[in-house]
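All residue numbers for the sequence shown refer to our numbering, where the first residue is 573 and numbers rise by one. Worksheet: one structure, shown below.
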Amino acid sequence: MNADDTSARADELIILRAPTVADGADLWRIAKGTGVLDTNPPYAYLLWARDFASSSVIADVEAEPAGFISGYRKPSDPETLFVWQVAVDSAFRGRGLAKKMLFELVQRTGASRLETTITADNEASIALFTALAREHGTEIERRSLFTEDLFPAEEESGEAHAAEDLYIVEPLNR
Ligand SMILES: CC(C)(COP(=O)(O)OP(=O)(O)OC[C@H]1O[C@@H](n2cnc3c(N)ncnc32)[C@H](O)[C@@H]1OP(=O)(O)O)[C@@H](O)C(=O)NCCC(=O)NCCS
573 MNADDTSARA
583 DELIILRAPT
593 VADGADLWRI
603 AKGTGVLDTN
613 PPYAYLLWAR
623 DFASSSVIAD
633 VEAEPAGFIS
643 GYRKPSDPET
653 LFVWQVAVDS
663 AFRGRGLAKK
673 MLFELVQRTG
683 ASRLETTITA
693 DNEASIALFT
703 ALAREHGTEI
713 ERRSLFTEDL
723 FPAEEESGEA
733 HAAEDLYIVE
743 PLNR
């Protein structure tokens with residue numbers, strides 16, 4: 573694929589919308605296709621599309637499912653949007669799609685605070701949430717959250733899981 577194929581096209585129709593159960597299998601396919609995300613069972617994506625649609629988003633590019641964000645409002649603090657998975661199909665990366673989805677979700681939910689977790693090696697994800705803070709003129713903070721020892725051992729699960737740091741972006745939607 574050459575550079576022109578991945579660059580944003582002004583005439584491209586991008587639709588950002590809350591997912592429905594009819595999108596569940598596509599959410600699973602996109603997550604699996606990243607090759608780096610923990611892929612949940614297909615059932616989890618169906619459940620997500622049914623019960624957490626208002627805090628999630630799917631992007632259709634020219635009617636093709638191209639990416640999604642799954643999130644929820646923290647039960648203990650509904651003003652906080654927790655972003656669980658962000659995934660963009662490799663064919664649609666590097667043209668601002670993740671940013672568009674994230675910004676739409678922050679605006680749609682009206683959340684005043686965002687939380688997510690990121691592994692230290694995920695530069696793209698760190699850049700995405702840093703861009704959110706920068707372009708909303710607000711702060712981003714990192715704290716330790718799920719350290720490596722909290723995950724099942726490699727001998728048990730088949731692969732080691734890197735520590736997931738907590739990133740907080742606030743205030744939002746002032
Ligand atoms: C992370 C991911 C969602 C980014 O999607 P994308 O649509 O290509 O991202 P965008 O084009 O909106 O770029 C958002 C920001 O990240 C930066 N970025 C994107 N890819 C990058 C990369 N590989 N390395 C460093 N920075 C990167 C962009 O420059 C932009 O920052 P800027 O506004 O400061 O320039 C995508 O790479 C992906 O699906 N990765 C695999 C799954 C994953 O790791 N998800 C995140 C953890 S839940």
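Backbone N, C-alpha and C define an ideal beta-carbon position, used for all residues, glycine too. Because the structure is a prediction, the values reported are computed rather than measured.
query	result
Inter-residue Cα distance where the pair is residue 666 and residue 652	27 Å
Own chain, CB closer than 7 Å to residue 574, minus 5 neighbours either side, in chain order	Low confidence applies to residue 574: its pLDDT is 35, below 50, so where it sits in the model is not reliable, and the reading given next is rough at best. Around residue 574: no qualifying Cβ.
Residue 667 beta carbon near ligand 1 (any heavy atom closer than 7 Å)	yes
Whole-Å CB distance - residue 720 paired with residue 735, under 8 Å assumed	5 Å
Nearest to residue 745 (by Cα), restricted to the options 591, 608, 714, 680	680
Backbone CA spacing between residue 606 and residue 659 [nearest angstrom]	7 Å
Residue 612: CB within 7 Å of a non-hydrogen atom of ligand 1	no
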